[in-house]
Amino acid sequence: MTPIEDKLRAAIRARADETPAYAPPLRLPARRRRSFFLAYGGGEKKGTPAQRIWRGWGAPVASAIMVAVVILASAAIFGDRVFPSSPARSPAGQVTHAHAQTPTLLSPVYLGVYPAGRGYGPIASFAKVAGQRPDIVGYFSGWLEPFPTSYAQTIHRYGAAVMVQIDPAHISLKGIAAGHYDGYLSAYAESVRAFGHAVIIGFGHEMNAPWYSWGYGHTSPATFVAAWRHIVELFRALGADNVTWLWTINADQAGTGPLASWWPGANYVSWIGINGYYRRPSDTFAGVFGRTIDQVRAFSSKPVLLSGTAIAASANPPAKIPNLFQGMFRYRTLGLVWSDQTQAQGHGFRSEDWRLEDNVPAEAAFRLSAAALRPPRLR
Amino acid sequence: MQQDAGSRVSSCVKPNDPGDVAAVCLPGATRPLRETGDSAEVAVSALYQASAVSLIRLAWIMLGDRPSAEDVVQEAFCDLYRRWDRLAEADSALYYVRSSVLNGCRSLLRRRAVRRRSVEYELPEISPEAVVLNGEERVELIRALGRLPDRQREALVLRFYLDLSDEEIARVMGIRQSTVRSNAHRGLVALGRVLKETS
């Protein structure tokens, strides 16, 4: 093999990798189905006129009507879940914007993922395991890290919305509130506005827990709220209206602080995110999330997203996954974001493997639960 | 895509192994296709599951445009489905669909060229990130590949992306093996010249 052949092979492979290793569903033409109708009825001219009509166009029309009925019924049943907040009465106009942008009209819930790395590979791997393409793809951003427009575009083309958790690690939140970082934030807002599609942004996630510099015991709730409001106001002033603001708390557990003290106010939050993990075989949805949802409902009626969840391999995932999905549905949440990560990539997790991949019973349980919760996409 | 035939054949989908996927995946691979009867839909879906990713990427290399690449492949499989009964052997299905994809790309490129009223079509945009990530030389090679005559480009992409043998390429393109070799050779010489100029 000559050098030019090597180079060309490498170049072609690299070019191929620029597009996702994903194929949309195959839509075959209907011609064969018609011949099926004719097959059991014999020749065209046989049968009563009614049978001929049924074989000719009656059956397809009847099928179409039934499909329409099912769609309308779904819309009626799940309508409030598809559009959880009316744009007229809250700043969550962005919320409906998000829905308008993603092809999830029939989905009663969102399925999201924190993939185990950037790029298509980890997302596609999760989609394959889950049997569903995710609607939300999350990642954690360091402070001063710019908005990754091309990654966001990649995710948008994939049909999902990007969810950024901006972590102000070891940064003075007082400084943020006082405008010391407005240069960074303005550039960020400008990029998000220019991107134009729905972006979900969280800031200082799990602030009610004691393990981050911006959190409980390190930064006062009042300072956190001031910084949060300052960021939201700055984005709004710059016209970045395509942001869904995700206030992300850790599920209430031993050692966390009182939730309401970090609440920035209904005008500054679109969705409430709750991160909760099944760590022990005895954990259930009511314990992991239910209690926290009840507490949140005491001060806000905003939609709740299970914004970071997974089940430790030691907590019996095949049994807990159905429990998680049932709870997600029963508590009328927006959906869940699966942390498909190992401890090495995790954020403050104990030593656990949270991924679905390579755990065959967990994969099967997840696929089954996810499939039962929503009909196949219309594309 | 995961809902239907996916579970049955998902173990066959090897995105990183672009060539040679159909034989083991097709349910009726060892028998003449007619015996599969009504299962044409199943067989076509299985072939799609097994080969769509590499074919979409093949079309993407040719066209540089994801939606068009998906359309060309979709169209090729619909065509295969319509003609299913007329295909003699199972393994000819893969060749058929590869040929259709190449033909689809070629006619799309022609239409683009006509629309722009120039014989030489403009190359699809390559993102600035790609230039940084993949190196100037690679991007230049892909550009130059796009400027080659159809047959040279197709022979090279089939050889270096799908890893097909000259015999297989000849079958996909419907030309003689010697013609495949001369086209590939001329294409490589032209690309070598481009590289020398840029370096």
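Just so you know, the protein sequences line up as chains Z and U, in that order. For what it's worth, my numbering labels the leading residue of the first sequence as 1325, then goes sequentially. For what it's worth, my numbering labels the leading residue of the second sequence as -18, then goes sequentially. Where is the CB? At the ideal position from N, CA and C, for every residue including glycine. A quick note: this is a predicted structure, and the numbers were derived from the prediction, not measured.
Asked: Through-space distance from residue 1517 of chain Z to residue 1561 of chain Z, alpha-carbon basis; Found: 11 Å
Asked: Complete runs of the alpha helix (DSSP H) confined to the segment 1533 to 1614 of chain Z [at least 4 residues]; Found: 1545 to 1561
Asked: Residues of the segment 50 to 65 of chain U with Cβ closer than 8 Å to any Cβ of chain A, in chain order; Found: Here chain A cannot be found, since the structure's protein chains are Z and U.
Asked: Cα-Cα separation, residue 1391 of chain Z to residue 64 of chain U; Found: 29 Å
Asked: 7 Å Cβ shell around residue 1344 of chain Z - same chain, five flanking residues per side excluded; Found: 1444, 1448 and 1482
Asked: Same chain, Cβ closer than 7 Å to residue 1679 of chain Z, neighbours up to 5 away in sequence not counted; Found: 1440, 1664, 1665 and 1666
Asked: Identified DSSP bridge partners for residue 1628 of chain Z; Found: Z:1596
Asked: Residues near residue 1473 of chain Z by beta carbon distance below 7 Å, same chain, minus five either side; Found: 1515 and 1519
Asked: Residue range of the unbroken alpha helix (DSSP H) whose run includes residue 1491 of chain Z; Found: Unbroken run through residue 1491 of chain Z is the beta strand (DSSP E), 1485 to 1491; no alpha helix (DSSP H).
Asked: Cβ distance (whole Å) where residue 1351 of chain Z is taken to contact residue 30 of chain U below 8 Å; Found: Not confirmed; about 14 Å, so no contact.
Asked: Minimum Cβ-Cβ distance from residue 1553 of chain Z to chain U less than 8 Å; Found: no
Asked: Classification of residue 178 of chain U by the beta-carbon crowding that lies within 10 angstroms, buried from 16 upward; Found: exposed
Asked: Under 8 Å between C-beta atoms of residue 1683 of chain Z and residue 1637 of chain Z; Found: yes
Asked: Chain Z contacts made by the segment 131 to 163 of chain U, where a contact means CB separation under 7 Å; Found: 137, 138, 141 and 142
Asked: Sheet register partners of residue 1720 of chain Z (DSSP bridge); Found: Any property of residue 1720 of chain Z remains undetermined from this structure, which presents chain Z solely from 1325 to 1703.
Asked: Beta-carbon gap between residue 1681 of chain Z and residue 1453 of chain Z smaller than 8 Å; Found: yes
Asked: Residue 1520 of chain Z in three-state terms, based on DSSP; Found: coil
Asked: Residues near residue 33 of chain U by beta carbon distance below 7 Å, same chain, minus five either side; Found: 54
Asked: Residue 1575 of chain Z versus residue 1450 of chain Z: straight-line alpha-carbon distance, rounded; Found: 24 Å
Asked: Span of the beta strand (DSSP E) around residue 1455 of chain Z; Found: Neither: residue 1455 of chain Z is in no beta strand (DSSP E) and is coded neither H nor E.
Asked: Reduced DSSP secondary structure (H/G/I, E/B, other) of residue 167 of chain U; Found: helix
Asked: Burial state of residue 1389 of chain Z, where buried means 16 or more other Cβ atoms lie within 10 Å; Found: exposed
Asked: Segment contact, 8 Å Cβ cut-off, at least three pairs: the segment 1561 to 1572 of chain Z with the segment 1601 to 1615 of chain Z; Found: no
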